[in-house]
Amino acid sequence: MSNFQELRNANTARDKEWDKHGVLTPAYHALELGGEAGEALNVVKKLEREALGIAGSRDDLEHLAEELADVVICVDKVAMKYGIKLWPAIVEKFNRTSINQGFSTFLDEENT
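Numbering follows the numbering used here, in which position 79 of the sequence shown is assigned residue number 272; successive positions increment by one, without gaps.
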């Protein structure tokens with residue numbers, strides 16, 4: 194089982210616990226994704242401040258990893274609500290971009 198399928202299974206199970214009445218819409222999950230992406234970008238901004246040596250608050254890579262994980266979880270929740278199998282979609286898009294740009298790097302379609 195791919196890690197993406199394991200995430201989907203866990204998101205499906207937890208969704209039943211979290212949303213006992215089935216009221217959370219795809220739009221809700223999309224808004225949640227936007228919020229998490231914003232949190233991840235805020236951490237990157239603080240890391241860049243430090244790298245550039247300018248004043249302001251700081252952050253660390255552990256927090257960035259946590260926020261990026263939230264983004265991936267939320268992306269899967271949005272895909273789940275629309276019935277999209279995320280890993281095959283990623284493989285298709287990645288490989289199409291490689292073809293369009295003349296790159297030689299592709300994802301293995303066998304594992305979709």
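Backbone N, C-alpha and C fix where the C-beta goes; we use that ideal spot for every residue, glycine too.
Check the C-beta distance from residue 271 over to residue 214 and give it rounded, since I have them as a contact under 8 Å.
Residue 271 to residue 214, Cβ: 20 Å. No contact.
Using the Cβ count rule (16 or more neighbours within 10 Å means buried), how would you classify residue 197?
buried
Note the first and the last residue of the continuous alpha helix (DSSP H) segment covering residue 220.
219 to 245
Can you tell me whether residue 209 is helix, strand or coil according to DSSP?
helix
In three-state DSSP terms, what is residue 277?
coil
So what's residue 254 in DSSP terms, helix, strand or just coil?
helix
Tell me whether residue 216 sits in a helix, a strand or coil according to DSSP, three-state version.
coil
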